[in-house]
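Participant: Counting in numbering that gives the first Met the number 0, the sequence shown runs from 0 upward without gaps. Positions of the beta carbon are idealized from the N, C-alpha and C atoms, including for glycine. Quick caveat: nothing in here was measured; it's all calculated off a predicted structure.
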Amino acid sequence: MHVARLLSAPSSAATSSFSSPSARARPRRALWKPRSARGTPTSPPPLFSLRAQASMQPATPEGQGGSPVHGVSNTVVGVLGGGQLGKMLCQAASQMGVKIVILDPLEDCPASSVCHDHVIGSFNDGDTVREFAQRCSVLTVEIEHVDAATLEKLEKQGVDCEPKASTIMIIQDKYRQKEHFSKFGIPLPDFVEVDMSHSIEEAGEIFGYPLMVKSKRLAYDGRGNAVAQKKEELSSVVASLGGFEHGLYVERWTPFVKELSVIVARSRDGSTVCYPVVETIHKDNICHVVEGPAEVSDKIKKLATSVAEKAIKSLEGAGVFAVELFLTEDDQILLNEVAPRPHNSGHHTIESCYTSQYEQHLRAILGLPLGDTLMKAPAAIMYNILGEDEGEAGFLLAHQLIQRALNIPGASVHWYAKPEMRKQRKMGHITIVGPSKISVKSRLDKLLQSYTHNPKKASPRVAIIMGSDSDLPVMKDAAVVLTKFNIPFELTVISAHRTPEWMYNFALSAKDRGFEVIIAGAGGAAHLPGMVASLTSLPVIGVPIKTSSLDGLDSLLSIVQMPKGIPVATVAIGNAENAGLLAVRILASRDPELWGMATKYQYDLRDIVLEKAERLENLGWEEYMK
0 MHVARLLSAP SSAATSSFSS PSARARPRRA LWKPRSARGT PTSPPPLFSL RAQASMQPAT
60 PEGQGGSPVH GVSNTVVGVL GGGQLGKMLC QAASQMGVKI VILDPLEDCP ASSVCHDHVI
120 GSFNDGDTVR EFAQRCSVLT VEIEHVDAAT LEKLEKQGVD CEPKASTIMI IQDKYRQKEH
180 FSKFGIPLPD FVEVDMSHSI EEAGEIFGYP LMVKSKRLAY DGRGNAVAQK KEELSSVVAS
240 LGGFEHGLYV ERWTPFVKEL SVIVARSRDG STVCYPVVET IHKDNICHVV EGPAEVSDKI
300 KKLATSVAEK AIKSLEGAGV FAVELFLTED DQILLNEVAP RPHNSGHHTI ESCYTSQYEQ
360 HLRAILGLPL GDTLMKAPAA IMYNILGEDE GEAGFLLAHQ LIQRALNIPG ASVHWYAKPE
420 MRKQRKMGHI TIVGPSKISV KSRLDKLLQS YTHNPKKASP RVAIIMGSDS DLPVMKDAAV
480 VLTKFNIPFE LTVISAHRTP EWMYNFALSA KDRGFEVIIA GAGGAAHLPG MVASLTSLPV
540 IGVPIKTSSL DGLDSLLSIV QMPKGIPVAT VAIGNAENAG LLAVRILASR DPELWGMATK
600 YQYDLRDIVL EKAERLENLG WEEYMK
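1) Quick one: what's got a C-beta closer than 8 Å to Tyr540's C-beta in the same chain, skipping five residues either side?
2) Just how far apart, CA to CA, sit Glu489 and Phe514?
3) Please report how far the alpha carbon of Lys417 lies from the alpha carbon of Gly386, in whole angstroms.
4) Give, in chain order, every unbroken run of the beta strand (DSSP E) that is at least 3 residues long and sits entirely within the stretch 402-463.
5) What residues in its chain sit with their C-beta under 6 Å from that of Lys282, if we drop five residues either side in the sequence?
6) Pick out whichever of Leu365, Thr372, Asp268, Asp189 has its Cα sitting closest to the Cα of Gln356.
7) Any contact between the stretch 332-343 and the stretch 303-318? By contact I mean 3 or more CB pairs, one from each, below 8 Å.
8) Looking only at its own chain, which residues have a Cβ that is under 7 Å from the Cβ of Glu326, when we skip the five neighbours before and after it?
9) Just confirm the distance between the C-beta atoms of Tyr382 and His428, as a whole number of angstroms; I'd bet it's less than 8 Å.
10) I think Glu143 touches Ile167, with their Cβ atoms under 8 Å apart; what is that distance to the nearest whole Å?
11) Look up Ser351 in the DSSP assignment and say whether it is helix, strand or coil.
12) Determine, using beta carbons only, whether Ile558 and Ala525 come nearer to each other than 9 Å.
13) From Ser16 to Leu361, what does the alpha carbon distance come to, in whole angstroms?
14) Where Trp594 and Tyr600 are concerned, what is the direct C-alpha to C-alpha distance, given to the nearest angstrom?
15) In the DSSP output, which residue or residues are listed as bridge partners for Asn188?
16) Do you know how far the Cα of Ser351 is from the Cα of Met374?
17) According to DSSP, is Pro499 part of a helix, a strand, or is it coil?
18) Just the C-alpha distance for Glu610 and Gly619, rounded to the nearest angstrom, thanks.
19) How far does the alpha helix (DSSP H) with Leu153 in it extend, from its first residue to its last?
20) Helix, strand or coil for Arg34? Go by DSSP, reduced to three states.
21) Since Met211 is in the beta strand (DSSP E), which residue starts that stretch and which ends it?
22) Taking Ala509 as the reference, which of Thr535, Val76, Pro499, Gly523 has the closest Cα?
23) Roughly how many angstroms separate the alpha carbons of Glu161 and Ile364, rounded to a whole number?
24) Arg682 lies in the alpha helix (DSSP H); which residues open and close that run?
25) What whole-angstrom Cβ distance do Gly77 and Val100 have, given they're in contact under 8 Å?
26) Consult DSSP for Cys135 and reduce its assignment to one of helix, strand or coil.
27) Starting from the N-terminal side, write out each stretch of the alpha helix (DSSP H) that is 4 residues or longer and does not extend beyond the stretch 256-320.
28) Buried or exposed: which applies to Val479, given that a residue is buried once 16 or more other Cβ atoms fall within 10 Å of its Cβ?
29) Start and end of the alpha helix (DSSP H) containing Ala575?
30) Under the three-state reduction of DSSP, which class applies to Cys160: helix, strand or coil?
31) Taking the beta carbon of Gln83 as the centre, do at least 16 other beta carbons fall within 10 Å, making it buried, or is it exposed?
32) With DSSP run on the structure shown, which of helix, strand or coil describes Pro40?
33) Would you call Met195 buried or exposed, if buried means 16 or more other Cβ atoms sit within 10 Å of its Cβ?
34) Taking C-beta to C-beta, are Val461 and Pro487 nearer than 9 Å?
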């Protein structure tokens, strides 16, 4: 008999056990225990009740009588699993006044310290899950490796499971998952089931090498995957995955250039919202760094979002889903796999988005309005704290990293409080938000003690372009200013008249390449600033260049006489320095660090004038002029 034990926070009605005539006749599988008064005899609580009088039956809909609502919902949410995802789900629930009960076999699992109550028991044991379900109004998961067959039976008995058991079953078996998405026209790497040496050798001949071999079930964080570089390695790869009897399939090797992820939230009525596309960077097949938003073109972002949304709409049930994707060399998006729960690639949303993925999951399964998925910070980067050593040595290294993180602007530390440290185990994460991708990357470099600021290596934020190299003596002044403010830039020659195709392609791709401002210098007809401004929505600053015929007046008038709807900012003839300073101010409006530097620069100019005024007053004009 499997016994589950429930841990409760201290309360005046805390109990160590309970009994009733029915309980004495049939032993119960879940016993209620107070978290801080274990073993202390107390009076029995009402049968099937949570502390604070929260009903174990489905809550009465708000506005239709019944007990008062003290959070956003009376519903008690049951979560199968109490790992770090469960912990962050509980933290979001606490803010909303939602009560979460978790089922997890470990007494000191990460979520145990922040949940409303904790049932100690296996989420893979049917009897335990059935009894746990009686205590909850809606069931959800923070790990997909649960007893889905029992969930399916419970659904038929009227238990509310979100997402649905059918979805959990599809996701649990990665080969079945691939078959399902293939039926719905979702782009995937080629795949085939293998059940003997002959079939896997035949797959190798068709797909070529390297060949990705995968377990159908219980494959995550790099486990259950292996690569055969050649035919001779097939037998050892199969053995490393438990043999054909374990259930295997193979995929054609995908030469991707980036791994992307989209978090999709689906409500009870089937409507969906998507979070911005992020890039995931893996270390030994484990997610290590997440960068948001992903540095890909708007076209790729739309395609990735479309594939992710289509995939989730093919599944059943509400909640948050993570869709992992490959971006190939020829700009295709292929689905890798789906998680039916909050995901590592969405941790950053706690700090970077208006609605975290955890709050969103609760909104979705409770039938509440879905929240805003937009980022409230221009850029974010998430770094997984992975175990670098075993035991105390690993804890020491992790806490040294945390100590440094506490000195990094915009950094938030999440420590999961797992009792055991192992190599490559996810022990926590650090999210850094900031005004730009360059900023958060440099802060992460500093955190990892690999910080070396080099604007030339960083992605350029400003483009300085000019119609001829003869304009360089003027345009260099803009480069000097940007260098002074540590702003990476690109400087090149683009002629509106002699290289129109290059100008066209440059302007259209400028935003996707990461540029935020364009400084364009031109003389004579001075078409370059206006033509570029007509092709991009980025701010363009025109610098009139003095020519031998009209002293730059023709250039100035050409730039300022742009038609309505095509704005070009203009500075004085030859004043590229001011163009550089204007670019600094544009960037500083959403970059606190740069704002401080720009403000200091302005104060320094003021101080120079005040010092000169004081010197003039003290010396008198005659002495001053000497």
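Facilitator: The answer reads as follows:
1) The residue asked about is misnamed: residue 540 is Ile in this sequence, not Tyr. The answer, listed in chain order, is Val516, Ile517, Ile518, Ala519, Pro528, Val567, Ala568, Thr569, Val570, Ala578, Leu581, Ala582.
2) Roughly 9 Å separates the two Cα atoms.
3) CA-to-CA, the gap between Lys417 and Gly386 works out to about 11 Å.
4) DSSP runs (the beta strand (DSSP E)) wholly in the stretch 402-463: 410-414, 425-433.
5) In its own chain, leaving out the 5 sequence neighbours on each side, no residue places its CB closer than 6 Å to the CB of Lys282.
6) Of the residues Leu365, Thr372, Asp268, Asp189, the one whose Cα lies closest to the Cα of Gln356 is Thr372.
7) Yes: the two stretches touch, three or more of their Cβ pairs being nearer than 8 Å.
8) With the sequence shown as reference, residue 326 is identified as Leu, and Glu is not the correct amino acid for it. Counting only Cβ-Cβ distances below 7 Å, and skipping sequence neighbours, we find Phe255, Val256, Lys257, Leu259, Val295, Ile299, Ile332.
9) With a Cβ gap of about 6 Å, Tyr382 and His428 count as contacting.
10) Taking a contact as a CB-CB distance under 8 Å, the pair Glu143 and Ile167 counts as one, their CB atoms being some 6 Å apart.
11) In the structure shown, Ser351 sits in a helix (DSSP, three-state: H, G or I).
12) Against a cut-off of 9 Å, the Cβ pair of Ala525 and Ile558 comes out as a contact.
13) At Ser16 the pLDDT is 32, less than 50, meaning the model places this residue with poor confidence; the figure from the coordinates comes in the next sentence. About 31 Å.
14) The straight-line gap separating the alpha-carbon atoms of Trp594 and Tyr600 is approximately 10 Å.
15) This sequence places Pro at residue 188; Asn is not what is there. Beta-bridge partners of Pro188 (DSSP): none assigned.
16) When rounded, the distance between both Cα atoms is 5 Å.
17) The three-state reading of DSSP puts Pro499 in helix, counting H, G and I together.
18) Spanning the two alpha carbons is a distance of roughly 14 Å.
19) First-last of the alpha helix (DSSP H) with Leu153: 147-155.
20) Confidence is the limiting factor: at Arg34 the pLDDT is only 42, short of 50, which leaves the residue's position unreliable, though a coordinate-based value still follows. It is coil, neither helix nor strand.
21) Run containing Met211: 210-214, per the beta strand (DSSP E) assignment.
22) Ala509 has its Cα closest to that of Thr535, out of Thr535, Val76, Pro499, Gly523.
23) Roughly 6 Å between the two C-alpha positions.
24) Because the chain in this structure spans residues 0 to 625, residue 682 falls outside the shown range and cannot be described.
25) The distance from the Cβ of Gly77 to that of Val100 is about 5 Å, consistent with a contact at the 8 Å cut-off.
26) Cys135 falls in the coil class under three-state DSSP.
27) If you keep only unbroken alpha helix (DSSP H) runs of at least 4 residues inside the stretch 256-320, you get 297-312.
28) So Val479 ends up on the exposed side.
29) Taken as a continuous stretch (DSSP letters only), the alpha helix (DSSP H) holding Ala575 covers 575-587.
30) In this structure, Cys160 counts as strand in the three-state DSSP scheme.
31) Buried is the call here.
32) The predicted model places Pro40 with a pLDDT of 39, which falls under 50 and marks its position as unreliable, so this point remains unresolved.
33) Flag for Met195 reads exposed.
34) In contact: Val461 and Pro487 (Cβ atoms closer than 9 Å).
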